[in-house]
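Beneath this line is the structure, given in structure tokens, with notes to follow.
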Amino acid sequence: MSDTLVLSVVAGRDLSESDRVAVIALCSRAFETDFAPLFNTFHEPTHVLAKLNGVLVSHALWVTRWLQAGRGPLLRTAFVEAVATDPAYQGQGYATQVMQTLQAAIADYDLAGLSTGSPDFYARLGWQSWRGPLFVRTEVGLLATPTDSVMVLSLPHTPSLDLDGP
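Offset between the sequence shown (1-based) and my numbering: plus 96.
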């Protein structure tokens, strides 16, 4: 049997129970932690599944968040989470194919964002590190998050961004 990688984009509400279990197990192996508690925090995710001969080998998801660069408008952002490849299948290009599929699927967003400990992987795919200060908006105003890091990907609707700005 030849190896066939099948990539699919699935709304979270349409994710089968067997795929949900497989995603949690894959991410738990890849991140070496119980991924179930984090998985259940993603609000209305969309998943990209990569199955090799029917077995889930790689995954990513995105959720909608609203990011703002400087004093610009709020940008509808596809925020990428849970990019993982089963350790037994790493180094074979599956995560690259998952991310390429994801990037094509989010073209109608204003921006894409993610936080990672592997910036070189994403830089190869066109992502750029945000160099300016980062904040989260709270009920009482902006809260600086100096230990966070974010990468962004410009999409067809992305306005001009100052990556050194807040």
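Ideal Cβ positions, reconstructed from N, Cα and C, are used throughout, including at glycine.
Considering residue 248, what are the terminal residues of the beta strand (DSSP E) in which it resides?
247-250
Runs of alpha helix (DSSP H) lying entirely within the stretch 203-247, each at least 4 residues, in chain order
215-219
Between which two residues does the beta strand (DSSP E) harbouring residue 164 extend?
151-164
Assuming residue 158 and residue 174 make a contact with CB atoms under 8 angstroms, what is their CB distance in whole Å?
4 angstroms
Under 8 angstroms, do residue 83 and residue 166 count as touching if we go by C-beta distance?
Any answer about residue 83 is impossible in this case: the structure gives the chain only from 97 up to 262.
Kindly say whether residue 164, judged by its beta-carbon, lies nearer than 8 angstroms to any beta-carbon of chain B.
Included in the structure is just one protein chain, with no chain B present.
List the DSSP bridge partners of residue 263.
The chain is shown from 97 up to 262; residue 263 falls before or after that span and cannot be answered.
Going straight from the alpha carbon of residue 222 to that of residue 234, what length do you get?
30 angstroms
Can you list, in chain order, the residues of its chain whose CB lies under 6 angstroms from that of residue 153, leaving out five sequence neighbours each side?
Cβ-Cβ distances below 6 angstroms link residue 153 to 146, 182, 185 and 190 in the same chain, with the five nearest sequence neighbours on each side left out; the list follows chain order.
Comparing alpha-carbon positions, which option in 111, 139, 134 and 151 lies nearest residue 99?
151
Could you say which of 203, 253, 226 and 254 lies nearest to residue 242 if we only look at CA atoms?
226
Compare the beta carbon distance of residue 156 and residue 194 with 8 angstroms and say whether it is the shorter of the two.
yes
Pull up the DSSP beta-bridge partners for residue 104, would you.
Residue 104 has 145 as its beta-bridge partners, per DSSP.
For residue 220, which of 211, 203, 196 and 229 has the nearest alpha-carbon?
196
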